[in-house]
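*Asks:* Shown below is the structure under consideration.
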Amino acid sequence: MKSLPKSLIAKLQQRTEANALRSLPVANGLVDFSSNDYLGFSQSAEIFQQAHQYLLDANIISNGSTGSRLITGNHNLYQVTEDFVAHFHNSPSALIFNSGYDANVGFFSCVPQKEDIVLYDEYIHASIRDGLRLSNAKTFKFRHNDLSHLENLLKRYSAIKGEVYVVTESVFSMDGDTPDLVKLVAVAEEYNSRLVIDEAHALGVFGNKGEGLIQELNLQDRVFARIMTFGKGLGGHGAAVLGAEELRTYLVNFARSFIYTTALPPHSLAVILTSYKHLESNIQAKKQLRDIITFFNEELERLAFTNVFIFSESAIHCAIIPGNDRVKQIAEYLQQNGFNVKPILSPTVPHGQERLRFCLHSFTTRESITRFLNLLQEHLAQF
């Protein structure tokens with residue numbers, strides 16, 4: 001077998017020298033402050049058993065989908081699940097993709113056209129950036145959650161011939177913070193732009209039934225599209241784009257990440273459907289998560305530790321610890337003391353904004369939070 005090209009070896013060497021070389025972790029049995037399993041649904045024996053029983057009761061015995069949805073993979077369970085998801089989110093339609101990455105790449109590569117402008121928050125997810133790179137639209141970023149900067153850009157581009165799209169996340173994956181969505185919607189409407197919101201980290205966390213932050217604020221009829229992903233709050237896999245029926249039809253015809261891939265198997269759909277039903281009925285898990293988020297912020301106040309953390313009312317909390325070497329060393333210390341915490345390194349985040357990212361869950365204990373924050377504070381004091 002031929003060796004790796006020298007140019008690729010050089011890139012790996014650069015990552016190594018920057019102490020930013022990625023490697024795959026292994027299961028470690030530590031206290032979970034790292035996964036996106038906010039409600040513990042991925043570990044739910046009840047969801048596992050009910051999804052399996054659903055397939056048996058429907059006489060669905062299938063290990064795979066056999067092809068893309070436009071060929072042989074459009075199982076009847078797709079329509080059942082998409083109808084349920086659309087109704088749950090008070091949306092005219094839902095179209096399921098294989099993952100959140102596929103949904104964002106598919107949507108943003110085909111919806112904005114050559115004559116269009118896309119204005120996006122500088123901290124949007126890599127999958128949105130990748131989709132925009134594949135589009136023919138002109139793209140411009142606005143400063144993170146800075147509505148004044150966004151409005152200046154809208155004033156500049158609102159008179160163009162094409163459409164203007166505004167793109168952001170309701171909960172940011174690397175900061176855990178949220179934009180002022182009420183004001184954002186008003187600004188987008190004032191300049192007749194189309195607002196697209198990624199709700200990956202809001203599903204299961206915000207909303208009366210965990211519907212997400214857009215529905216909690218009753219803004220669902222004022223956005224062009226929402227992207228919901230099922231691998232976080234729902235504990236499964238896949239994603240859906242919510243929007244008008246015409247948008248769904250357009251994506252079926254033009255979203256390449258939807259068209260040219262093998263569909264999800266029926267089992268994945270059964271898990272999505274079952275998890276949504278649990279989300280609708282399991283008020284206790286959502287309440288436990290909200291209580292834990294409140295307690296975490298109260299502990300930061302008690303310990304006078306808020307200056308290190310980005311303020312967040314979501315399940316994601318981040319301590320800014322500049323420098324790849326330093327943040328990796330502190331993460332290793334916490335792991336040695338029983339806590340599964342991962343460092344987020346540059347270039348994933350900007351240089352100087354390296355951080356420890358903590359994810360809270362419905363099953364997180366108050367004792368583990370207090371012990372963990374005390375350890376972190378003591379260790380940071382040594383630097």
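The UniProt record's numbering puts the first residue of the sequence shown at 1, with every later residue one more than the last. Using N, Cα and C, we set each Cβ at its ideal position, and we do this for glycine too.
(1) Only counting the same chain, and skipping five residues up and downstream in sequence, which positions put a Cβ closer than 7 Å to that of Phe224?
(2) Can you give the Cα-Cα distance for Gly33 and Lys114, rounded to whole angstroms?
(3) Please tell me whether Tyr78 and Ile96 are closer than 8 Å, where the distance is taken between their beta carbons.
(4) Do you know offhand how far Pro350's Cα is from Val105's?
(5) Going by Cα to Cα distance, which pick from Gly323, His125, Phe305 is closest to Met174?
(6) So, for Glu169: in the same chain, excluding its five sequence neighbours on each side, which residues have a beta-carbon less than 6 Å away from its beta-carbon?
(7) Quick one: is the Cβ of Leu181 within less than 7 Å of any heavy atom of the ligand FMN?
(8) Span of the beta strand (DSSP E) holding Gly243?
(9) Can you check which of these residues, Asp177, Leu376, Arg69, is closest to Val252 by C-alpha distance?
(10) I'd like the list of long-range same chain contacts for residue 384, defined as Cβ closer than 6 Å, with 5 residues on each side in sequence excluded.
(11) Going by Cα to Cα distance, which pick from Val327, Gln335, Gly338, Val31 is closest to Ile344?
(12) I need the boundaries of the beta strand (DSSP E) containing Phe97, first residue and last residue.
(13) If you draw a straight line from the alpha carbon of Arg222 to that of Val171, how long is it in whole angstroms?
(14) Would you kindly work out how many angstroms separate the C-alpha atoms of Ala188 and Asn36, rounded to a whole number?
(15) Going by beta carbon distance, what residues of the same chain come within less than 7 Å of Asn340, once the five residues before and after it are set aside?
(16) Pick out whichever of Ile160, Phe108, Leu213, Gly338 has its Cα sitting closest to the Cα of Val185.
(17) Does the pairing of the region 287–295 with the region 357–370 give three or more beta-carbon distances under 8 Å?
(18) I need the boundaries of the beta strand (DSSP E) containing Asp121, first residue and last residue.
(19) Nearest CA to the CA of Ser281: which residue from Gln53, Ala45, Phe88, Ala10?
(20) Using 10 angstroms around the beta-carbon of Ser7, count the other beta-carbons present and answer buried if the total reaches 16, otherwise exposed.
(21) Going by C-alpha to C-alpha distance, which of Leu150, His237, Phe84, Gly338 sits closest to Ala94?
(22) What is the rounded straight-line gap between the Cα of Leu219 and the Cα of Val182?
(23) In angstroms with no decimal places, state the Cα-to-Cα distance between Asn59 and Ala255.
(24) Are Leu24 and Leu12 close, meaning C-beta to C-beta below 8 Å?
(25) If we require 3 or more residues per run, which beta strand (DSSP E) segments fall completely within the region 284–349?
(26) Using DSSP with H/G/I as helix, E/B as strand and the rest coil, what is Val205?
(27) Of the residues Pro92, Arg133, Pro266, Ile227, which one's Cα is nearest the Cα of Ser109?
(28) Helix, strand or coil for Tyr165? Go by DSSP, reduced to three states.
(29) To test your reading of the DSSP string, which unbroken alpha helix (DSSP H) runs of 4 or more residues are found completely within the region 110–157?
(30) Please report the straight-line C-alpha distance between Leu375 and Tyr333, rounded to a whole angstrom.
(31) Taking the continuous alpha helix (DSSP H) assigned at Ala51, which residues delimit it?
(32) Answer yes or no: do Ala263 and Ser65 have a C-beta to C-beta separation smaller than 8 Å?
(33) Among residues of its own chain, excluding the 5 on either side of residue 384, which ones have a beta-carbon nearer than 6 Å to its beta-carbon?
(34) Could you give the DSSP three-state label for Ile227: helix, strand or coil?
(35) Go through the region 237–282 residue by residue and report every complete run of the beta strand (DSSP E) that reaches 3 residues or more, in order.
*Replies:* In short, the structure shows the following:
(1) Indexing the sequence shown from 1 puts residue 224 at position 224. Cβ neighbours of Phe224 beyond the five flanking positions: Arg194, Leu195, Val196, Gly243.
(2) On the sequence shown, residue 33 is found 33 positions in, with the first residue counted as 1. On the sequence shown, residue 114 is found 114 positions in, with the first residue counted as 1. Strictly speaking, residue 33 in this sequence is Phe, with Gly absent from that position. Using only the alpha carbons, I get a separation of about 43 Å.
(3) Residue numbering aside, residue 78 sits at position 78 when the sequence shown is read from its first letter. Residue numbering aside, residue 96 sits at position 96 when the sequence shown is read from its first letter. Taking 8 Å as the Cβ cut-off, Tyr78 and Ile96 qualify as a contacting pair.
(4) Within the sequence shown, residue 350 is the residue found at index 350, counting from 1. Within the sequence shown, residue 105 is the residue found at index 105, counting from 1. Taking the straight line joining both Cα atoms gives about 22 Å.
(5) Along the sequence shown, one-based indexing puts residue 174 at 174. With distances taken between Cα atoms, Met174 lies closest to His125.
(6) Indexing the sequence shown from 1 puts residue 169 at position 169. Only Asp198 meet the Cβ criterion.
(7) No copy of the ligand FMN appears in this structure; indeed no ligand is present at all.
(8) Locating residue 243 in the sequence shown gives position 243, where the first residue counts as 1. It spans 239–243 - the beta strand (DSSP E) in which Gly243 sits, taken as one unbroken run.
(9) For this step, residue 252 is matched to residue 252 along the sequence shown. Comparing Cα-Cα distances from Val252 to each of Asp177, Leu376, Arg69, the minimum goes to Arg69.
(10) Residue 384 cannot be examined here, being either before or after the span of the chain that is shown, 1 to 383.
(11) Translated into the one-based positions of the sequence shown, residue 344 becomes position 344. With distances taken between Cα atoms, Ile344 lies closest to Val327.
(12) Stepping through the sequence shown from its first residue, residue 97 is reached at position 97. First-last of the beta strand (DSSP E) with Phe97: 93–97.
(13) By one-based count along the sequence shown, residue 222 stands at place 222. By one-based count along the sequence shown, residue 171 stands at place 171. Each residue's alpha carbon lies about 18 Å from the other.
(14) In the sequence shown, residue 188 corresponds to position 188, counting from 1. In the sequence shown, residue 36 corresponds to position 36, counting from 1. Cα to Cα, Ala188 sits roughly 30 Å from Asn36.
(15) Mapped onto the sequence shown, residue 340 falls at position 340. Same-chain partners within the cutoff: Asn28, Leu30, Val31, Asp32, Phe33, Ser34.
(16) As a position in the sequence shown, residue 185 is number 185, starting the count at 1. Taking only the C-alpha atoms, the option nearest Val185 is Leu213.
(17) yes
(18) In the sequence shown, the residue the question calls residue 121 occupies position 121. It spans 117–121 - the beta strand (DSSP E) in which Asp121 sits, taken as one unbroken run.
(19) Indexing the sequence shown from 1 puts residue 281 at position 281. The shortest Cα separation from Ser281 among Gln53, Ala45, Phe88, Ala10 belongs to Phe88.
(20) Walking along the sequence shown from the start, residue 7 turns up at place 7. Ser7 should be labelled exposed.
(21) The residue you call residue 94 lines up with position 94 of the sequence shown. Ranking Leu150, His237, Phe84, Gly338 by Cα distance to Ala94 puts Phe84 first.
(22) By 1-based counting over the sequence shown, the position of residue 219 is 219. By 1-based counting over the sequence shown, the position of residue 182 is 182. The straight-line gap from Cα to Cα measures roughly 8 Å.
(23) Along the sequence shown, read from residue 1 onward, the residue named residue 59 stands at position 59. Along the sequence shown, read from residue 1 onward, the residue named residue 255 stands at position 255. Spanning the two alpha carbons is a distance of roughly 31 Å.
(24) Stepping through the sequence shown from its first residue, residue 24 is reached at position 24. Stepping through the sequence shown from its first residue, residue 12 is reached at position 12. Contact: no.
(25) 316–320, 342–344
(26) As a first step, residue 205 must be located in the sequence shown, where it is residue number 205. Three-state result, Val205: coil.
(27) Within the sequence shown, the letter at position 109 stands for residue 109. The option with the nearest alpha carbon to Ser109 is Arg133.
(28) Counting from one through the sequence shown, the residue named residue 165 turns up at place 165. If DSSP states are grouped into helix, strand and coil, Tyr165 belongs with the strands.
(29) 126–134, 147–157
(30) In the sequence shown, counting from the first residue as 1, residue 375 sits at position 375. In the sequence shown, counting from the first residue as 1, residue 333 sits at position 333. Taking the straight line from one Cα to the other gives about 9 Å.
(31) The residue you call residue 51 lines up with position 51 of the sequence shown. From DSSP, the alpha helix (DSSP H) with Ala51 extends over 45–57.
(32) Taking the first residue of the sequence shown as position 1, residue 263 is located at position 263. Taking the first residue of the sequence shown as position 1, residue 65 is located at position 65. Against a cut-off of 8 Å, the Cβ pair of Ser65 and Ala263 comes out as a contact.
(33) An answer regarding residue 384 cannot be provided, because it is not within the stretch 1 to 383 covered by the chain.
(34) Residue 227 sits at position 227 when you count from the first residue of the sequence shown. DSSP places Ile227 in strand when its eight states are reduced to three.
(35) 239–243
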